[in-house]
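Sequential numbering from 352 applies to the sequence shown in this note's numbering.
Positions of the beta carbon are idealized from the N, C-alpha and C atoms, including for glycine.
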Amino acid sequence: MEQETRRIALYKTRTFSEKIGDTFDFLRENWRQLAVWLTYLMLPLSLVSAVSMNTMMGTYLSVFSSAGSGELSTADALSTSLSYLAVMVLSFLAVAMGLSLTYGAMRLYEQRPQRLQGLTLSDLRPYITQGVGRMFVLTLLASILLVMLVVVLVFFGVGFAMAAPRVGIFMLVLLYAAIPVVMVPLTLTAPVYLFEDDINPFQAYLKAWRLGWATWGGVAAVLIVLGVLVYLIIGVCSIPLYGTWIYRILTLSRGEEMVQPGMLASMGLYLLSVVVGYIGHMLSVIVYVGLAYQYGHACDKIDGAGIDREIEDFEQL
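As structure tokens, this is what we get:
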């Protein structure tokens, strides 16, 4: 009889090695289900996104290969803008759906005695639908706050620059240095908002900031280790695709005539784009799970969430 693996609790204080270990233990236990569900969601997005990306790059290259003017016509500008907008929208959908599916699966993993066994994508649909909506609200709110912040910073930056140029330059450098420091705690916003139903987006940002700042080193370490691992693999897989685009750009920059690829070459470039996009979306789940366990660690360490849940479970017996 196969020995049952231990259930990996979400709300638990962990060391850094335990966070990384539990991340890969969870993925090792549930990789088949996650791979099937994510393929259903990410493969269609990758197919459409590759069309938009290739259209955008093709338009960009065609400008430099026609008459050497380097000027965008109205049609080229419109095509590039629409392709870029499509890529951004599809990228948002991929991240939002990936986060929602992953965190929905992790919630059911904790709640069900069978964990993820016997689950279908239909069982996760409510979590995905709610999660995408919540991620849209978070993104919209973040965009509004970012615009307001930029306006305020520009106003004060111009004022400092006019009054004291050296102070203005110092403040600008300090601002750029502070951006990554501030962004690290806010990466917990998605786990906070997707794991907790009784919280609004403003509360999610505030709680993410409170938990993330109190465990800043752990959040940064998880992001760096898992992020470097994931993007290193994606970078290696992207070499053929980006190498092809770079070769074509260098060909044009030397003033040589660019040979338009044939049907098979264009199809190969498209398939490369699909594969790179699909691999990127699939591997991003590693970072999502790692951030979830960092969030659970912070909740237990700062708010005692793990103890509260044990008391609730005991009272239900």
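First and last residue of the alpha helix (DSSP H) that includes residue i?
i: residue 362; result: It is not in any alpha helix (DSSP H) - residue 362 carries neither H nor E in the DSSP assignment.
i: residue 357; result: Careful: residue 357 lies outside any alpha helix (DSSP H) and carries neither H nor E.
i: residue 561; result: 552 to 565
i: residue 749; result: The shown model of the chain, from 352 to 668, leaves out residue 749, and the question about it has no answer.
By how many angstroms is the C-alpha of residue j removed from the C-alpha of residue i?
i: residue 505; j: residue 492; result: 20 Å
i: residue 353; j: residue 549; result: Its pLDDT being 46, under 50, residue 353 is placed unreliably in this model, and the coordinates cannot settle the point.
i: residue 496; j: residue 450; result: 22 Å
i: residue 501; j: residue 551; result: 24 Å
i: residue 625; j: residue 517; result: 48 Å
i: residue 386; j: residue 579; result: 21 Å
i: residue 640; j: residue 426; result: 43 Å
i: residue 524; j: residue 615; result: 49 Å
i: residue 653; j: residue 643; result: 15 Å
i: residue 373; j: residue 361; result: 9 Å
i: residue 655; j: residue 577; result: 26 Å
i: residue 533; j: residue 557; result: 12 Å
i: residue 597; j: residue 582; result: 19 Å
i: residue 397; j: residue 589; result: 14 Å
i: residue 411; j: residue 400; result: 17 Å
i: residue 468; j: residue 459; result: 10 Å
i: residue 461; j: residue 470; result: 13 Å
Do residue i and residue j have their C-beta atoms within less than 9 Å of each other?
i: residue 446; j: residue 486; result: yes
i: residue 407; j: residue 434; result: yes
i: residue 617; j: residue 381; result: no
Near residue i, what residues of its chain come up, given a Cβ to Cβ distance below 8 Å and the 5 sequence neighbours on each side ignored?
i: residue 535; result: 563, 567, 570, 571 and 574
i: residue 648; result: 363, 364, 365, 370, 566 and 569
i: residue 636; result: 378, 385, 389, 449 and 453
i: residue 585; result: 627, 630, 631 and 634
If I measure Cβ to Cβ from residue i and keep anything under 7 Å in the same chain, skipping five residues before and after, which residues do I get?
i: residue 455; result: 475, 478, 479 and 482
i: residue 560; result: 536 and 537
i: residue 629; result: 393, 394 and 397
Beta-carbon within less than 6 Å of residue i's beta-carbon, same chain only, minus the 5 sequence neighbours each way: which residues are those?
i: residue 463; result: none
i: residue 646; result: 539 and 542
i: residue 403; result: 434, 437 and 438
Just to check, is the beta-carbon of residue i closer than 8 Å to a non-hydrogen atom of the ligand GDP?
i: residue 656; result: Among the components of this structure there are no ligands whatsoever, and the ligand GDP is therefore not found.
> Residue ranges of each beta strand (DSSP E) run of no fewer than 3 residues wholly in the region 579 to 646, ordered along the chain?
Replying inline: none
> In chain order, which alpha helix (DSSP H) runs of at least 4 residues are fully inside the region 423 to 503?
Replying inline: 425 to 462
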